[in-house]
Amino acid sequence: MPLHRIFVPTGLYTPEDKAALAQAITDVYASLPPFYVVVLFIDLESSSFFVGGKTTERMVRISVEHIARNFKDDALKRKFMDRYETALAPFTKARGLDWEVQITDCDRLLWNMNGMAPPDENSEEERIWKRENRAVPPEEIQELKARA
């Protein structure tokens with residue numbers, strides 16, 4: 381699961397902007413089951429959003445946790461950041477906003493969905509989760525495999 385927490389001043393984005401940005405972020409993770417991608421918008425009144433000790437109405441702070449996939453080397457990290465920044469650009473740079481992105485790689489073994497450890501990367505079971513766009517219990521996976 382990539383979990384995206386987007387801290388924004390209240391009213392900076394419309395509901396339509398939020399939906400479009402959430403979709404743009406989800407599209408960055410095309411290789412993953414779409415339901416892995418969670419985007420949370422946390423609206424903050426300017427009296428609760430400070431940068432450099434001063435309130436702001438033009439800053440977006442994005443905190444991401446990567447669990448489903450982790451980066452193997454520095455080149456992949458930078459490549460992903462470039463792709464992510466491209467997805468954000470219409471919602472940040474193009475609007476003249478300031479923004480900051482921070483991504484943390486997390487331990488996959490400390491992740492469950494619906495009480496289950498997700499399937500291994502690029503496995504047949506993960507492809508089933510992607511096709512079904514949901515966490516599929518092992519017994520149902522066996523049924524789906526038998527039907528195929």
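Residue numbers 381 to 528, in our numbering, belong to the letters of the sequence shown in order. Positions of the beta carbon are idealized from the N, C-alpha and C atoms, including for glycine.
- As DSSP reads the structure, residue 441 sits in a beta bridge with 387 and 480.
- In this structure, the alpha-carbon of residue 527 lies about 11 Å from that of residue 520.
- Under DSSP, residue 462 shares a beta bridge with no residue.
- Taking 7 Å as the cut-off, the Cβ atoms of residue 512 and residue 486 do not count as close.
- With contacts defined as CB atoms closer than 7 Å, residue 417 and residue 389 fail to qualify as a contacting pair.
- In this structure, the alpha-carbon of residue 467 lies about 32 Å from that of residue 495.
- With 16 or more other CB atoms across the displayed protein chains lying within 10 angstroms of its CB, residue 442 is buried.
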